[in-house]
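The sequence shown begins at 41 in our numbering and counts up one residue at a time.
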Amino acid sequence: MGLFSGSASYTRYRVTGDVPAAVKPFALEKLQWHVFHEIDPGTLTDKSTGWVSAENMSLTKFDDMHFAKDPYMVFALRIDTRRIPPIALKAAILREELKHREQAGRERLSKKEKNDIREEQLQRLLKKVLPLPAVFDVCWNTTAGEVLFFSTSKKANEEFVAFFYRSFDLKLKALTPAVLAAALRPETEETLEKQPQFLTIHHG
């Protein structure tokens, strides 16, 4: 579920680094530089990542209405992927190898011939596969210096953190319960480390 749904799960981050005072125009410029682009079906590209509107996954132009609601900036990360099922690729390769062996009158093909066949079938099938889109809402609270990423998927979060840094040159630190607890009581971890550890053994 995303930002505009009735219920949502998210991961919370703190923005670290040199955030410009005029963060809105800065972010707008960076978003436009890294907007999402559709995968060209005529290419072998299997993945495309970029920013889109949180209200419309096909909208890649940001303005006040679709981007900033002070002190928040709202947008989304879109990741499109094309994937060929391994069994489909294997079947296509085996079928083509058999055809080549029969035409050449040989029982075996060279390593180069096999590699060429695999590449040809990969290209052929990839051009037929439709991209599968995934969209994750993002809410940046510029006053608090925090970002909400509306997904708890480990893989999605890893891609988000990496792409956020690539786009804004700013790092994100996940605000886990442990991090929040340490921020409230920074002396807690040091105190626990100094305390002796006891092991109690009960005899029957």
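Beta carbons are placed, not taken as given, at the ideal position from N, Cα and C, and that holds for glycine.
By the 10 Å Cβ neighbour count, where 16 or more other Cβ atoms means buried, how is residue i classified, buried or exposed?
{"i": "S150", "result": "exposed"}
{"i": "T89", "result": "buried"}
Leaving aside the five residues before and after residue i along the sequence, list all residues of the same chain whose C-beta is less than 7 Å from its C-beta, in chain order.
{"i": "L68", "result": "F102 and F107"}
{"i": "K70", "result": "S207 and F208"}
{"i": "L128", "result": "Sequence inspection shows Ala at residue 128; the Leu mentioned does not correspond to that position. These residues qualify, in order along the chain: L165."}
{"i": "I133", "result": "I157, R158 and Q161"}
{"i": "I79", "result": "T85, S88, D120, R122 and P171"}
For residue i, which residues from the same chain have a beta carbon less than 6 Å from its beta carbon, with the 5 sequence-adjacent residues on both sides left out?
{"i": "K152", "result": "none"}
{"i": "L210", "result": "V55 and G57"}
{"i": "F66", "result": "P60"}
{"i": "T183", "result": "P111"}
Consult DSSP for residue i and reduce its assignment to one of helix, strand or coil.
{"i": "A131", "result": "helix"}
{"i": "K64", "result": "helix"}
{"i": "S88", "result": "strand"}
{"i": "Y205", "result": "helix"}
{"i": "R164", "result": "helix"}
{"i": "P173", "result": "strand"}
{"i": "R52", "result": "strand"}
Assuming residue i contacts residue j under a Cβ cut-off of 8 Å, what Cβ separation, rounded to an integer in Å, is found between them?
{"i": "F203", "j": "L117", "result": "6 Å"}
{"i": "Y112", "j": "N197", "result": "Not really, about 20 Å apart at Cβ, beyond 8 Å."}
{"i": "C179", "j": "V114", "result": "5 Å"}
{"i": "E137", "j": "K109", "result": "Not a contact, Cβ separation roughly 58 Å."}
{"i": "L212", "j": "V201", "result": "5 Å"}
Can you give me the Cβ contacts of residue i inside the same chain, cut-off strictly under 8 Å, excluding the 5 residues immediately before and after it?
{"i": "G185", "result": "R54, V55 and V59"}
### Message
I'd like to know if the stretch 164-183 and the stretch 112-132 are in contact, where contact means that at least 3 CB-CB pairs between them fall below 8 Å.
### Response
yes
### Message
Across the stretch 81-89 and the stretch 135-149, are there enough close Cβ pairs to call them in contact, namely three or more that are closer than 8 Å?
### Response
no
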